[in-house]
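Chemist: Here you go, one structure.
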Ligand code: NAD
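In UniProt numbering, the protein residues as written are 1 to 457.
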């Protein structure tokens with residue numbers, strides 16, 4: 001096994017060195033292969049997502065399959081343009097010369113992905129790596145075993161398996177992979193392991209993209225369409241893998257005066273979405289495994305928060321299901337307000353004035369996404385200026401990730417680097433600075449002896 005892993009990495013290196021991954025035709029053929037896989041294997045992919053997460057079919061289509069298809073189509077449409085060297089101005093002091101920035105593939109890239117969107121988070125970076133002309137090793141998450149083995153089986157049937165390989169495994173295998181020298185490592189997961197990845201990469205001076213998580217705040221002002229706000233918060237939280245999403249709303253901040261109205265509206269929406277007994281709903285994903293279930297149970301049962309539940313709270317350990325659960329005014333030093341929740345629990349924190357939310361958010365680690373619901377454009381401007389976050393969205397949750405013209409990535413504790421659309425191509429390319437001079441334009445002063453500037457040499 002160890003030998004075959006090393007042999008796989010060696011083959012990738014040789015194929016890249018032979019130039020196999022560079023031509024635009026090769027890149028386009030692989031992108032079409034991924035697109036074909038996502039189209040022809042929809043049923044198998046939906047089954048794997050259901051086996052791993054109980055993911056509803058609609059979510060599998062909308063949040064994973066369709067995003068992969070549109071990433072392929074977008075890359076195919078723009079590939080030639082992205083690959084083209086970009087002319088830049090030349091300075092008079094370099095006369096005569098021309099200058100350009102030529103994107104070149106980095107070489108061998110390792111993509112390590114996470115379990116919560118196991119198709120999307122595996123293939124989306126791979127699409128960028130292929131478009132940029134790299135050889136790729138994909139290490140899917142062992143936390144979504146059905147998708148991991150499906151990708152290992154399917155991908156070689158649809159793409160060039162000598163240059164794009166799936167290498168399965170858990171911590172031991174990933175640790176072994178990290179010992180190899182890569183030209184880029186793209187990691188999605190928690191920030192503890194992000195540090196492990198970065199330390200391993202540092203040994204080889206390998207650049208990294210770290211797509212991490214954090215606590216995404218949702219600030220809700222009173223100047224909103226309350227029903228729409230509640231629907232969009234619920235869709236971004238429970239409608240995205242039952243809260244197991246990196247950009248899911250982690251907690252709400254609103255004013256004391258507005259909290260009861262917001263809570264009532266959220267309750268109404270949740271009952272409409274998932275019925276009187278959400279544990280029976282087929283439209284809610286389950287918790288991924290017993291270990292995460294135990295972690296979430298621990299957050300719910302902590303003494304200082306267990307009596308703050310104002311909606312939900314039901315769970316079924318056998319089926320690993322937890323109903324949408326809302327807490328009101330939990331202490332800021334409770335575990336639920338200190339850790340990323342990554343599940344169906346949603347605390348509401350109240351403040352006197354909505355502007356107090358700024359200080360609260362800024363006292364915490366920089367989030368992957370920050371949301372504000374308000375019609376007040378002045379408040380929006382202030383929020384945008386005051387809050388540092390990977391991304392920001394006004395009057396909705398999560399959907400900024402579907403715009404390929406926006407970079408997707410974190411800042412500070414929520415990650416480094418970004419991808420999606422052209423940003424994916426750039427994440428896996430080196431921008432080579434190229435200057436071309438003729439033989440005219442000699443300046444005598446450039447050459448020694450500097451003390452005799454008029455001497456002809
Ligand atoms: P996970 O358990 O699937 O781990 C991620 C990857 O890290 C896996 O491939 C796993 O094999 C590998 N890994 C785990 N321990 C390792 C170790 N000690 N050494 C080397 N590799 C190791 O996923 P997770 O970490 O539970 O994912 C959830 C976290 O990821 C959350 O914090 C979430 O916010 C974040 N996330 C971020 C994004 C994003 O795009 N920014 C997307 C999804 C999830």
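C-beta atoms are modelled at their ideal positions from N, C-alpha and C, and glycine is treated no differently.
1. Ends of the alpha helix (DSSP H) at residue 174?
2. Is the region 252-263 touching the region 271-287, taking contact as three or more C-beta pairs under 8 Å?
3. Give me the DSSP bridge partner(s) of residue 316.
4. In the DSSP output, what is residue 430 paired with across the bridge?
5. Please list the segments of the beta strand (DSSP E) lying wholly inside the region 54-130, counting only runs of 3 or more residues, in order along the chain.
6. Can you name the start and end residues of the alpha helix (DSSP H) that residue 301 belongs to?
7. Compute the Euclidean distance between the alpha carbons of residue 36 and residue 159, then round it to the nearest angstrom.
8. The alpha helix (DSSP H) with residue 198 in it runs from where to where?
9. From residue 501 to residue 307, what distance separates their C-alpha atoms?
10. With a Cβ-Cβ cutoff of 8 Å, do residue 275 and residue 344 count as a contact?
11. Got a sec, what are the start and stop residues for the alpha helix (DSSP H) residue 450 sits in?
12. Quick check on residue 337: buried or exposed, where buried means 16 or more other Cβ atoms within 10 Å of its Cβ?
13. Note down, one range per segment and in chain order, each beta strand (DSSP E) of at least 3 residues found wholly within the region 206-237.
14. Is it true that the region 161-180 meets the region 133-142, where meeting means three or more beta-carbon pairs spaced less than 8 Å apart?
15. Which residues mark the beginning and the end of the beta strand (DSSP E) in which residue 359 is found?
16. Residues in the same chain with beta-carbon distance under 6 Å from residue 321, minus the five sequence neighbours each way, listed in chain order, please.
17. Does residue 93 pass the burial test, meaning 16 or more other C-beta atoms within 10 Å, or should it be called exposed?
18. For residue 377, which option in 75, 362 and 393 has the closest C-alpha, if you only look at C-alpha atoms?
19. What I want to know is whether the C-beta of residue 141 ends up closer than 7 Å to one or more non-hydrogen atoms of the ligand NAD.
20. Should the region 224-239 be regarded as contacting the region 395-405, the criterion being three or more beta carbon pairs within less than 8 Å?
21. Tell me where the beta strand (DSSP E) around residue 370 begins and ends.
22. As a quick exercise: from 23, 150 and 101, pick the residue whose alpha carbon is nearest that of residue 51.
23. Roughly how many angstroms separate the alpha carbons of residue 217 and residue 162, rounded to a whole number?
24. Measuring alpha carbon to alpha carbon, tell me which residue in 239, 296 and 180 is nearest residue 7.
25. If you follow the beta strand (DSSP E) that residue 137 is part of, which residue opens it and which one closes it?
26. Taking 8 Å as the threshold (C-beta atoms), are residue 354 and residue 136 in contact?
27. Give me the residue from 415, 429, 91 and 446 with the minimum Cα distance to residue 194.
28. Which runs of the beta strand (DSSP E) spanning at least 3 residues fall entirely within the region 393-439, listed in chain order?
29. Can you give the Cα-Cα distance for residue 215 and residue 421, rounded to whole angstroms?
30. Any heavy atom of the ligand NAD closer than 7 Å to the CB of residue 428?
31. Any heavy atom of the ligand NAD closer than 7 Å to the beta-carbon of residue 317?
32. Does the distance between the C-beta of residue 362 and the nearest non-hydrogen atom of the ligand NAD fall short of 7 Å?
33. To the nearest angstrom, report how far apart residue 12 and residue 231 are at their CA atoms.
34. Measuring straight from C-alpha to C-alpha, what distance separates residue 124 and residue 113?
35. With residue 39 as the anchor, note down where its beta strand (DSSP E) starts and where it stops.
36. Is there at least one non-hydrogen atom of the ligand NAD closer than 7 Å to the beta-carbon of residue 213?
Modeler: Inspection of the coordinates gives the following:
1. The residue you call residue 174 lines up with position 174 of the chain shown. 171-179 is the span of the alpha helix (DSSP H), which, as asked, contains residue 174.
2. no
3. If you number the chain shown from 1, residue 316 lands on position 316. Answer by DSSP bridge pairing, in chain order: 321.
4. In the chain shown, residue 430 corresponds to position 430, counting from 1. Answer by DSSP bridge pairing, in chain order: 104.
5. 86-88, 97-105 and 108-112
6. Taking the first residue of the chain shown as position 1, residue 301 is located at position 301. Segment 290-301, the alpha helix (DSSP H) holding residue 301.
7. For the purposes of this step, residue 36 is taken as the residue at position 36 of the chain shown. For the purposes of this step, residue 159 is taken as the residue at position 159 of the chain shown. Looking at the two C-alpha atoms, the distance is approximately 10 Å.
8. For the purposes of this step, residue 198 is taken as the residue at position 198 of the chain shown. Unbroken alpha helix (DSSP H) run through residue 198: 191-203.
9. With the chain running from 1 to 457 in the structure shown, residue 501 is simply not present.
10. Mapped onto the chain shown, residue 275 falls at position 275. Mapped onto the chain shown, residue 344 falls at position 344. No, Cβ-Cβ distance for residue 275 and residue 344 is not below 8 Å.
11. As a working mapping, residue 450 is identified with position 450 in the chain shown. In the DSSP annotation of this structure, residue 450 is not part of any alpha helix (DSSP H), being labelled neither H nor E.
12. Here residue 337 refers to the residue found at position 337 of the chain shown. Its Cβ being crowded by 16 or more others within 10 Å, residue 337 is buried.
13. 208-211 and 216-220
14. yes
15. On the chain shown, position 359 is the one that residue 359 refers to. Where residue 359 is concerned, there is no enclosing beta strand (DSSP E), although the alpha helix (DSSP H) around it starts and stops at 356-362.
16. Position 321 of the chain shown holds residue 321. Same-chain partners within the cutoff: 279 and 286.
17. The count along the chain shown starts at 1 and reaches residue 93 at position 93. Result: exposed.
18. To locate residue 377, count along the chain shown from 1; it is residue 377. If we check each option's Cα against that of residue 377, 393 comes out closest.
19. By one-based count along the chain shown, residue 141 stands at place 141. It does: the Cβ of residue 141 is within 7 Å (strictly closer) of some heavy atom of the ligand NAD.
20. yes
21. What you label residue 370 is simply residue 370 of the chain shown in a count that begins at 1. Counting along the chain, the beta strand (DSSP E) containing residue 370 begins and ends at 369-373.
22. Along the chain shown, one-based indexing puts residue 51 at 51. Of 23, 150 and 101, the residue nearest in Cα terms is 150.
23. Stepping through the chain shown from its first residue, residue 217 is reached at position 217. Stepping through the chain shown from its first residue, residue 162 is reached at position 162. Each residue's Cα considered, the two are about 43 Å apart.
24. Here residue 7 is taken as the residue at index 7 of the chain shown, counted from 1. Residue 7 has its Cα closest to that of 180, out of 239, 296 and 180.
25. For the purposes of this step, residue 137 is identified with residue 137 of the chain shown, where counting begins at 1. Per DSSP, residue 137 belongs to the beta strand (DSSP E) from 135-139.
26. As a first step, residue 136 must be located in the chain shown, where it is residue number 136. As a first step, residue 354 must be located in the chain shown, where it is residue number 354. Not a contact, by the Cβ cut-off of 8 Å.
27. Here residue 194 refers to the residue found at position 194 when the chain shown is read from its first residue. Of 415, 429, 91 and 446, the residue nearest in Cα terms is 415.
28. 429-437
29. On the chain shown, residue 215 is found 215 positions in, with the first residue counted as 1. On the chain shown, residue 421 is found 421 positions in, with the first residue counted as 1. Taking the straight line joining both Cα atoms gives about 25 Å.
30. Numbered from its first residue, the chain shown carries residue 428 at position 428. Residue 428: no, Cβ never under 7 Å from the ligand NAD.
31. Locating residue 317 in the chain shown gives position 317, counting from the first residue. Every heavy atom of the ligand NAD is 7 Å or more from the Cβ of residue 317, so no.
32. Mapped onto the chain shown, residue 362 falls at position 362. No - the ligand NAD has no heavy atom lying nearer than 7 Å to the Cβ of residue 362.
33. By one-based count along the chain shown, residue 12 stands at place 12. By one-based count along the chain shown, residue 231 stands at place 231. About 47 Å.
34. Position 124 of the chain shown, counting from 1, holds the residue named residue 124. Position 113 of the chain shown, counting from 1, holds the residue named residue 113. Between residue 124 and residue 113, the C-alpha separation is close to 10 Å.
35. What you label residue 39 is simply residue 39 of the chain shown in a count that begins at 1. Element bounds for residue 39: not the beta strand (DSSP E) but the alpha helix (DSSP H), 24-40.
36. Working through the chain shown from its first residue, we reach residue 213 at position 213. Yes, the ligand NAD has a heavy atom inside 7 Å of this Cβ.
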